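Take a look at the structure set out below.
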Amino acid sequence: MKAEAEDNSRLTCEVETTIKVIGGRWKVLIIRELMIGVKRFGELQRALPGITQKMLTQQLREMEEDGIIHREIYAQIPPKVEYSLTPLGASLQPILYAMHEWAIEHYLSRFQNNTAVRMHNSESNEL
Numbered sequence: 235m236k237a238e239a240e241d242n243s244r245l246t247c248e249v250e251t252t253i254k255v256i257g258g259r260w261k262v263l264i265i266r267e268l269m270i271g272v273k274r275f276g277e278l279q280r281a282l283p284g285i286t287q288k289m290l291t292q293q294l295r296e297m298e299e300d301g302i303i304h305r306e307i308y309a310q311i312p313p314k315v316e317y318s319l320t321p322l323g324a325s326l327q328p329i330l331y332a333m334h335e336w337a338i339e340h341y342l343s344r345f346q347n348n349t350a351v352r353m354h355n356s357e358s359n360e361l
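By my numbering, the letter at position 97 of the sequence shown is numbered 331, and the numbering carries on one by one without gaps.
This is the structure we're talking about:
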């Protein structure tokens, strides 16, 4: 029983650490975009409707500090900066794929079932 409690405590700690690194509204979405390929700041901002310039800058800085992304600055005028996943960031891909599969299996099917029920009820004039 004690070993099981220690395992659960360790798992909680490791999950908490992962969430601290990739948690929040935007980080996973930024990782998703960088899984597709190298992006410039403006490309990321256009791909993430609703994110402010300040928030994107903050998230990118945090992710760079955590070793998730790499920022490449080119010595040219105007300045050119590109963002890409580091090997550590790329190692998160299976987690994002698992989240994608979970959403399809559990959340989207639930939403579709609720929509089907609403459609059925509206056709039969039931609420």
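C-beta atoms are modelled at their ideal positions from N, C-alpha and C, and glycine is treated no differently. All of these numbers come straight from a predicted model, not from anything done at the bench.
Item	Value
I need the DSSP call for E357, collapsed to helix, strand or coil.	Low local confidence applies: a pLDDT of 45 at E357 is under 50, so the model's placement there is unreliable, with the coordinate-based value given in what follows. Helix.
Note down, one range per segment and in chain order, each alpha helix (DSSP H) of at least 4 residues found wholly within the stretch 248-308.	261-270, 275-281, 287-299
Is it right to say K288 is buried, meaning 16 or more other beta carbons lie within 10 angstroms of its own, or is it exposed?	exposed
If the criterion is Cβ atoms closer than 8 Å, does the pair L322 and I302 meet it?	yes
I need the straight-line Cα distance from M333 to A309, nearest angstrom please.	38 Å
Am I right that I256 and L278 are in contact with their C-beta atoms under 8 Å? What's the rounded C-beta distance?	In fact, because the Cβ distance is near 16 Å, the residues do not count as touching under 8 Å.
Could you tell me the boundaries of the beta strand (DSSP E) in which L215 lies?	Residue 215 is absent from the model: the chain starts at 235 and stops at 361.
Quick one, which of L268, Q327, W260 has its alpha-carbon nearest R305's?	L268
Return yes when the Cβ of Y317 is within less than 8 Å of the Cβ of K273, no when it is not.	yes
Write down the C-beta distance between M297 and K254 rounded to the nearest angstrom, noting that I regard them as a contact closer than 8 Å.	12 Å between Cβ atoms; not a contact.
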